[in-house]
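Written out below as structure tokens is the structure these notes cover.
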């Protein structure tokens, strides 16, 4: 059995040193690849569980970043068109606004910024500000 086959069947990535030990046990057993990997997973249930949780977390993070990139691209196309830029709250859908809130990207100007810029009432960021904040979050600013 190859290390890549083990990873595919067990769903766990192991170091080459760990795989060497696993492979020795596999070669001494009379189990086929699938049966061996199932048995190994049962014997290492907590490790398999952690690996699955980590993979799920990475997939969720990838989806989140993909969604933020889509929002950024949507905002970029409007910024390129120029003119008066709409406010983020008026331009994005509720789902997109919720996603920004989830990652901590503010669309409303803070009280500190209100005082700093002399605004008499609460205001919202325009889409160019929000685009910049997304780029900063994604480390592409």
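Numbering (my numbering), first residue to last: 58 to 198. Don't be surprised by glycine CBs; every beta carbon is placed ideally from N, CA and C.
Going by CA-CA distance only, name the one from the options that's closest to residue i.
{"i": "residue 105", "options": "69, 63, 93, 187", "result": "69"}
{"i": "residue 186", "options": "88, 175, 129, 176", "result": "129"}
{"i": "residue 125", "options": "190, 141, 114", "result": "190"}
{"i": "residue 78", "options": "97, 87, 65", "result": "97"}
{"i": "residue 199", "options": "122, 107, 131", "result": "Here the chain has residues from 58 to 198 only, and residue 199 is not among them."}
{"i": "residue 108", "options": "75, 71, 132", "result": "71"}
{"i": "residue 112", "options": "64, 176, 172", "result": "64"}
Using the C-alpha atoms, what's the distance from residue j back to residue i?
{"i": "residue 83", "j": "residue 119", "result": "34 Å"}
{"i": "residue 143", "j": "residue 183", "result": "6 Å"}
{"i": "residue 166", "j": "residue 95", "result": "54 Å"}
{"i": "residue 200", "j": "residue 117", "result": "There is no way to answer for residue 200, as the model of the chain reaches only from 58 to 198."}
{"i": "residue 160", "j": "residue 181", "result": "17 Å"}
Below 8 Å on the Cβ atoms is my contact criterion, and I expect residue i with residue j to pass it. Report the Cβ-Cβ distance as a whole number of Å.
{"i": "residue 194", "j": "residue 162", "result": "6 Å"}
{"i": "residue 188", "j": "residue 136", "result": "6 Å"}
{"i": "residue 62", "j": "residue 90", "result": "6 Å"}
{"i": "residue 93", "j": "residue 86", "result": "6 Å"}
At what residues does the alpha helix (DSSP H) containing residue i begin and finish?
{"i": "residue 63", "result": "60–67"}
{"i": "residue 93", "result": "90–100"}
{"i": "residue 185", "result": "184–194"}
Report all residues from its chain with a CB closer than 6 Å to the CB of residue i; omit the five preceding and five following residues, and keep chain order.
{"i": "residue 153", "result": "128"}
{"i": "residue 80", "result": "none"}
{"i": "residue 146", "result": "164, 181"}
With 8 Å as the threshold, decide whether the Cβ of residue i is near any Cβ in chain B.
{"i": "residue 129", "result": "No chain B appears in this structure, which consists of one protein chain only."}
Using a Cβ-Cβ cut-off of 7 Å (strictly less than) and excluding sequence neighbours within five positions of residue i, which residues of its own chain qualify?
{"i": "residue 132", "result": "184, 187, 188"}
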